[in-house]
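A.B. asks: Take 23 as the starting number for the sequence shown in this note's numbering and just add one per residue.
Here a beta-carbon is modelled for each residue, glycine too, at the ideal position from N, C-alpha and C.
As the structure is a prediction and not an experimental result, all values here were calculated from the model.
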Amino acid sequence: MNALNPRAADGGRVTRTFKSGNSVAVRLPKDMGFVEGDEVTIIDHEDGTFSIWKVDDGRKILMNLFGSMSSGFMAEGRGEVEQEERDWTPRGAGPDAA
Numbered sequence: 023m024n025a026l027n028p029r030a031a032d033g034g035r036v037t038r039t040f041k042s043g044n045s046v047a048v049r050l051p052k053d054m055g056f057v058e059g060d061e062v063t064i065i066d067h068e069d070g071t072f073s074i075w076k077v078d079d080g081r082k083i084l085m086n087l088f089g090s091m092s093s094g095f096m097a098e099g100r101g102e103v104e105q106e107e108r109d110w111t112p113r114g115a116g117p118d119a120a
């Protein structure tokens, strides 16, 4: 376990930053599946960490989730879900509007 980077023990990777022009860059190992020119989204988290996602990962993740569901998934339906009554009248258009 790396005391300075506990995520490395969780299957995370330790790498270094380097200067690229006027920016700082991160080396991504080739076996992670990134190639030059990949479009990515960087998500900053409140705890100071960040995640890097390939732009098309969302669709792939969703499709993999569908494929991983068992054939009996939700066979019994959603069941009863209580819904509170809502007022769908547009604001300012109700009976008290002047």
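#1: Measuring only the C-alpha atoms, how far is Val36 from His67?
#2: Taking the alpha carbon of Met54 as the reference point, which residue from Asn44, Asp69, Leu87 and Ile74 has its own alpha carbon closest?
#3: Taking the Cβ atom as the reference point for each residue, do Arg49 and Phe40 lie within a distance shorter than 8 angstroms?
#4: Following the continuous beta strand (DSSP E) through Ala47, name the residue where it begins and the one where it ends.
#5: Could you give the distance in angstroms between the alpha-carbon of Gly59 and the alpha-carbon of Lys76?
#6: I'd like the list of long-range same chain contacts for Ala47, defined as Cβ closer than 6 angstroms, with 5 residues on each side in sequence excluded.
C.D. replies: Judging by the given coordinates:
#1: 19 angstroms
#2: Ile74
#3: yes
#4: Counting along the chain, the beta strand (DSSP E) containing Ala47 begins and ends at Ser45 to Val48.
#5: 11 angstroms
#6: These residues qualify, in order along the chain: Phe40.
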